[in-house]
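Let me begin by presenting the structure, written as structure tokens, before commenting on it.
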Amino acid sequence: MGASRGPLRRALRGAHGAAGYTAGAMKSVVILISGRGSNMEQIVRCCAAECWPARIAAVVSNRADAAGLQFAAERGIATAVVEHRAFATREAFDDALGAAIDAHQPDLVVLAGFMRILGERFVRRYEGRLLNIHPSLLPLFPGLHTHQRALDAGCKLAGATVHFVTPQLDHGPIVMQSVVPVLPDDDAETLAARVLATEHRIYPRAVRWFVGGALRIEHGVVRQRDGAPQLWLPGQAG
Ligand code: GRF
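For the sequence shown, the numbering used here gives the first residue as 6, with consecutive numbering after it.
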């Protein structure tokens, strides 16, 4: 990650102005999904309810059967499908995906349950304006099956992480985390549900901060302009 800090900070500065914190005009946001899309739904709902200086310009999926596409279409949000199976190489898929995204001139690209690994060229193209949510307390448990792995390790805490995307999978500067207890009777499903409920709290907040120009990166650490808590704890309101 160290090597990527410079370019990432520069990209973020480019998106937000020289001081790093400057809010600008309405931001265009493109959200990428692969399935259910519950995080995308929360972001769409909060954007409207809280009058963010942003517009959810499009929801793009690599699967035509992604349930979230219908939610977006019903709300008049542009949708697009770029089927990864239609491309011979990851690079060709990434390029087609990039073209579908760039049609909406995004200030921010949000990965919300997007289940394809993106190549370095793609990540560099959007560096500093590409967010992901991962259902673990990174840097623990990057990759798949996070909840089962937390249970197998005997963890007493679990959670989720919103982070800027860098070429290394499930790494990158952490914007916000949520923490939940692991209960004695948990299985992967019950733990996933408890974590998901917190994802719905932290991801909209992180996106709101980004579009409001409230995030900057100092030495690989993300700072929130107003000192708002970047940690969501059980029992916390809001
Ligand atoms: C979430 O748990 C997210 O952290 C992970 O994939 C899941 C997507 O859920 N990356 P949804 O599609 O947002 O409902």
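For every residue, glycine included, the Cβ atom is placed at its ideal position computed from N, Cα and C. Treat the numbers as computed from the prediction; the structure is a model and nothing was measured.
- Within the same chain, V184 come within 7 Å of L238 by CB-CB distance, once the 5 residues on both sides are set aside.
- Fully enclosed alpha helix (DSSP H) runs of no fewer than 4 residues occupy 73 to 79 of the region 46 to 88, in order along the chain.
- Straight across, the Cα-Cα distance linking K32 with V167 is about 19 Å.
- Taken through DSSP and simplified to helix, strand or coil, E223 comes out as strand.
- Contact annotation: the region 32 to 45 touches the region 64 to 78, with at least three C-beta pairs closer than 8 Å.
- Note that the region 48 to 59 touches the region 213 to 226; at least 3 beta-carbon pairs, one per stretch, sit closer than 8 Å.
- Shown here for C52: same chain residues with a beta carbon closer than 7 Å to its own, the five before and five after excluded, namely A59 and I61 in chain order.
- Nearest in C-alpha terms to D99, of all of G81, A85 and E125, is E125.
- Rounded to whole angstroms, the gap between the alpha carbons of F119 and G225 is 24 Å.
- Boundaries for P209: no beta strand (DSSP E) harbours it, while the alpha helix (DSSP H) harbouring it runs A193 to V216, taken from the DSSP string.
- Excluding residues up to 5 positions away in sequence, A193, L196 and A197 lie with their Cβ nearer than 6 Å to the Cβ of H152 in the same chain.
- The DSSP-derived three-state label of A233 is coil.
- In the three-state reduction of the DSSP assignment, A30 falls in the coil class.
- With respect to V115, P172 sits apart: the two C-beta atoms are not nearer than 7 Å.
- The continuous stretches of alpha helix (DSSP H) do not include H139, which lies in the beta strand (DSSP E) extending over residues L135 to H139.
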